[in-house]
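Just so we're aligned, residue 3 is where the sequence shown starts under the working numbering, counting upward by one. All residues carry an ideal CB built from backbone N, CA and C; glycine is no exception. Data first, discussion second: the structure below is written as structure tokens.
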Amino acid sequence: MPEVSAAPLRIRLDLGYDGTDFSGWAEQPGRRTVEGELSSALTTVLRASSPVRLVVAGRTDAGVHARGQVSHADVDASSWARLPGRSDRMPEQAAVSRLNGVLPDDVVVRGVTVAPQGFDARFSALRRRYRYRICDEPGQLDPLRRRDTVVLGGSRLDVDAMNEAARGLLGLNDFAPFCKRREGATTIRTLLDFHWERVAPAVIEGTVVADAFCHSMVRSLVGTVVPVGEGRAPVTFPGEVLRGGIRDPRVKVMPAHGLSLEEVLYPADADLAARAEEARSRR
């Protein structure tokens with residue numbers, strides 16, 4: 003049997019979760035988090051002597067869901083090689099099966115692979131795509147979607163007006179008015195797409211895509227265009243907030259449960275390291 007290198011091995015994990023009963027992604031003492039559950043599961047299946055640490059593409063807040071979350075971990079190569087046990091499965095196949103066997107039902111790992119050289123789940127990402135889901139006729143809410151759909155009981159939302167308002171936010175901007183600031187962190191981001199569509203008679207969905215997002219940015223962006231859709235603010239309102247440069251008390255941070263991280267996109271393998279270096283230098 004070939005000798006297994008003692009160097010750590012970086013693995014990529016693709017996963018989804020129902021964020022309802024989590025206090026967000028990031029591990030916190032005394033709280034149930036996605037990172038805590040996944041780290042515990044990895045530590046168990048790899049029989050690691052210390053908790054396995056994770057890096058994630060998007061640190062979702064409490065109550066926010068994910069279908070397309072991506073994370074990486076540096077693990078012991080010999081422990082990885084032993085994962086299949088006596089079976090003829092590859093370690094990647096064994097990892098998915100064994101992780102889902104110990105994880106709770108509200109977290110599902112869809113894939114585990116050895117990461118390409120230079121891969122960083124956070125900094126190598128080119129863009130993240132989120133979805134926000136709203137029901138604007140409370141009596142028409144699908145009760146099976148109550149955990150991922152925000153109900154607004156006012157008037158029917160004007161999707162065309164919301165799209166006109168959203169277009170004014172696209173591009174490279176300082177999104178400080180839409181973010182909770184972190185010391186030393188930049189709030190300059192490139193908003194690549196922000197649009198709304200009616201996907202059912204009583205349901206609209208917003209798509210928000212950027213190179214990266216600040217804390218609470220997506221829910222604040224949604225909170226500036228919803229008043230436009232309700233007819234309570236002009237289509238120029240989101241742009242006015244952006245140009246104001248500071249947090250605006252008129253902007254409501256929308257409820258977390260309507261938000262889901264749908265996809266994280268990465269460059270070709272050969273460009274992963276360069277992308278990570280570029281992103282680190284800006285953030």
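- [ ] Grab me the residues of R34's own chain with a C-beta within less than 7 Å of its C-beta, minus the 5 sequence neighbours each way, in chain order.
- [x] D23, F24, S25
TODO: Whole angstroms is fine: what's the gap from V228's alpha carbon to T192's?
DONE: 21 Å
Open item on the list: Measuring alpha carbon to alpha carbon, tell me which residue in G60, V253, E232 is nearest E242.
Closed with: V253
- [ ] Helix, strand or coil for Q95, going by three-state DSSP, please let me know.
- [x] In the structure shown, Q95 sits in a helix (DSSP, three-state: H, G or I).
Open item on the list: So within the region 32 to 93, which uninterrupted beta strand (DSSP E) runs reach at least 3 residues, ignoring any that extend past its ends?
Closed with: 67 to 77
Open item on the list: Within 8 Å, do at least three Cβ pairs link the region 196 to 203 to the region 117 to 129?
Closed with: no
Task: Member of P93, L105, P31, A59 whose CA lies at the smallest distance from the CA of D20 - done: L105
TODO: Give the straight-line distance between the Cα atoms of G233 and G208, rounded to the nearest whole angstrom.
DONE: 18 Å
Open item on the list: So for G241, helix, strand or coil by DSSP?
Closed with: helix
- [ ] Drop a sphere of 10 angstroms on the beta-carbon of I248, count the other beta-carbons inside from all chains shown, and report buried for 16 or more, exposed for fewer.
- [x] exposed
Open item on the list: Taking only three categories from DSSP, how would you classify A276?
Closed with: helix
- [ ] Check each candidate in L223, L17, T46 and name the one with the smallest Cα separation from V36.
- [x] L17
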